[in-house]
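When the sequence shown is numbered by our numbering, its final residue is 77 and no position is left out of the sequence of numbers. Notes to accompany the following structure.
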Amino acid sequence: MTMNRISTKEDATLVSCMVDLHNVGTFNTDTRFKAGYLNELEKMLEKVLPHAMLKATPNLESRIRTLKRD
């Protein structure tokens, strides 16, 4: 079993897409994102990084949790 390590470029793109998603306003509430935002984030990342093959669960969910902690 291989681990899918997220690179620095992918981290930067993930954060950028999350900011874009927040600014659009469709998937955010006062303090959090609404349900379904991970799937939309996955679609956004697929357009920017087509060969990264990052899935909403477990890749993005886990990485967002790690970024919150750091």
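The beta-carbon is built from N, C-alpha and C at its ideal position, and this holds for glycine as well. Owing to the predicted nature of the structure, the values given are computational and were not obtained by experimental measurement.
Requested in this report: Pull up the distance between the alpha-carbon of phenylalanine 40 and that of histidine 58, whole angstroms please.
Outcome: 26 Å
Query - Supposed close pair leucine 45, glutamate 17 - CB separation, criterion 8 Å - result: With 8 Å as the limit, leucine 45 and glutamate 17 do not qualify as a contact, their Cβ atoms being about 15 Å apart.
Query raised in the report: Which runs of the alpha helix (DSSP H), 4 residues or longer, sit entirely within the stretch 17-63?
Result: 44-55
Query raised in the report: Apart from the five residues just before and just after alanine 19, which ones in its own chain have a Cβ nearer than 6 Å to its Cβ?
Result: none
Report task. Provide the residue span of the alpha helix (DSSP H) that contains serine 69, from first to last. Result -> 68-76
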